[in-house]
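Quick note: the sequence shown uses numbering that gives the first Met the number 0, first residue 0, plus one each step.
Glycine residues also receive a C-beta, built at the ideal position from the N, C-alpha and C atoms.
Only a predicted model underlies this, so the values are computations on that prediction, with no experimental measurement involved.
Read the structure below first, then the notes.
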Amino acid sequence: MRLFNKVAIIGTGLIGGSIAGDIKKKRLAHQIIGVSRHKNTLTLAKKIRLIDKGSQDFGIIQDADLVVLATPVNTILNLADIIVKFIRKDCIVTDVGSTKKAIVSKLSKIFPNYVGSHPLAGSEKRGIMNASTGIFKDSLCILTPTNNTSPKALKKIKDLWNHLGARVIVLSPDTHDRILSFVSHLPHVIAFSLIGAVPGEYLKFGATGLKDTTRIASSDSRLWADIFLSNRKNMVKSIESFQGNLSRIKSAINKKDEETLVKILRKAKGKRQILG
């Protein structure tokens with residue numbers, strides 16, 4: 000089922016490339032265009048048939064009926080002022096930014112048919128070489144419309160993510176950022192902090208537990224610094240919540256209070272089991 004005629008993906012990395020590949024595989028668009036700063040990225044994206052055409056010039060997006068901004072948060076904010084000069088007024092614009100408040104606030108004022116998206120999929124890896132079709136299947140995608148969002152554009156974006164296999168949930172930008180600060184951003188803070196706390200000479204003894212717990216610390220450092228700072232107030236609150244819990248564990252260990260320690264660990268285990 001074709002949803003769009005020409006789709007332009009700005010940022011053909013892991014997520015952007017995967018979106019392009021799924022749209023092509025499912026024949027949801029007549030043509031898929033990739034835009035990247037890096038010529039090698041576009042060459043590879045064409046070679047592995049994720050896009051039909053690619054360019055480093057934004058002029059290629061001028062007749063697209065869907066533009067997907069698949070770049071880091073601050074880049075999305077900066078790109079908005081640039082691409083508005085190239086796209087049609089009836090073009091639907093969405094993004095895949097990991098925080099939404101600042102993006103939605105700006106882009107909803109610039110693009111009449113803007114709908115904020117955040118697919119909760121991917122990995123700690125990045126780049127077009129790690130793009131893969133099917134990564135959105137059975138995943139969750141959060142949409143963050145406002146009171147002024149075009150119902151037609153919202154339906155189109157819902158249909159897109161549903162066709163890509165994602166389950167769509169609608170949240171306000173504020174609610175999205177508050178929740179994600181705990182369930183996505185805080186785990187990355189902890190993983191970075193944990194591996195940073197381990198003395199380097201001990202790492203050779205690290206086994207499955209350490210590797211599993213710190214896997215996401217292999218994520219791109221600049222991208223995550225961007226995410227943390229763009230959600231600063233919520234991040235501070237989620238970190239303080241973690242510090243409070245860690246302090247309770249520390250106190251129980253210091254006091255040799257096994258009963259309290261077991262209660263804390265048992266409660267945490269019950270929460271973890273909810274995730275499946």
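Those residues which DSSP pairs with residue i across a bridge
{"i": "G54", "result": "Note on residue identity: the sequence assigns Ser, not Gly, to residue 54. Answer is V34, bridged to S54."}
{"i": "L264", "result": "Per DSSP, none; premise fails for L264."}
{"i": "A19", "result": "None; A19 has no bridge partner."}
{"i": "V66", "result": "A7 and V92"}
{"i": "A28", "result": "F3"}
Beta-carbon contacts of residue i that lie in its chain and below 6 Å, excluding the five residues immediately before and after
{"i": "G164", "result": "F135 and K136"}
{"i": "G15", "result": "I8 and A69"}
{"i": "I50", "result": "A19, I31, G33 and A44"}
{"i": "A120", "result": "I134, F135 and S138"}
{"i": "S17", "result": "A130, S131 and I134"}
Coil, strand or helix - residue i by DSSP
{"i": "R166", "result": "strand"}
{"i": "N39", "result": "helix"}
{"i": "L159", "result": "helix"}
{"i": "K5", "result": "strand"}
{"i": "A206", "result": "coil"}
{"i": "I47", "result": "coil"}
{"i": "L76", "result": "helix"}
{"i": "L142", "result": "strand"}
{"i": "T259", "result": "helix"}
{"i": "T148", "result": "coil"}
{"i": "K254", "result": "coil"}
Cut-off 8 Å between Cβ atoms - residues of its own chain near residue i, not counting five sequence neighbours on either side
{"i": "S180", "result": "N230, N233, M234, K236 and S237"}
{"i": "V78", "result": "Note on residue identity: the sequence assigns Leu, not Val, to residue 78. So the list reads I9, L68 and T70, once near-sequence residues are dropped."}
{"i": "I75", "result": "L68, D94, G96, I102 and L106"}
{"i": "I252", "result": "L260"}
{"i": "H29", "result": "R1, F3, N4 and K5"}
Same chain, Cβ closer than 7 Å to residue i, five either side skipped, listed in chain order
{"i": "I226", "result": "V72, S97, T98 and H184"}
{"i": "R247", "result": "I263"}
{"i": "A63", "result": "K5, V6, A7, I32, I86 and C90"}
{"i": "T145", "result": "V103 and S107"}
Could you give the uninterrupted runs of the alpha helix (DSSP H) lying entirely in the region 82-135, keeping only those of 4 residues or more? 100-109
Using 8 Å as the Cβ pair cut-off and three pairs as the minimum, do the region 156-171 and the region 48-59 touch? Short answer: they don't touch.
For the region 204-221 against the region 77-92, do three or more pairs of beta-carbon atoms, one drawn from each stretch, fall closer than 8 Å, so that the two count as touching? no
Continuous alpha helix (DSSP H) assignments of at least 4 residues falling wholly in the region 193-237: 207-212 and 220-229
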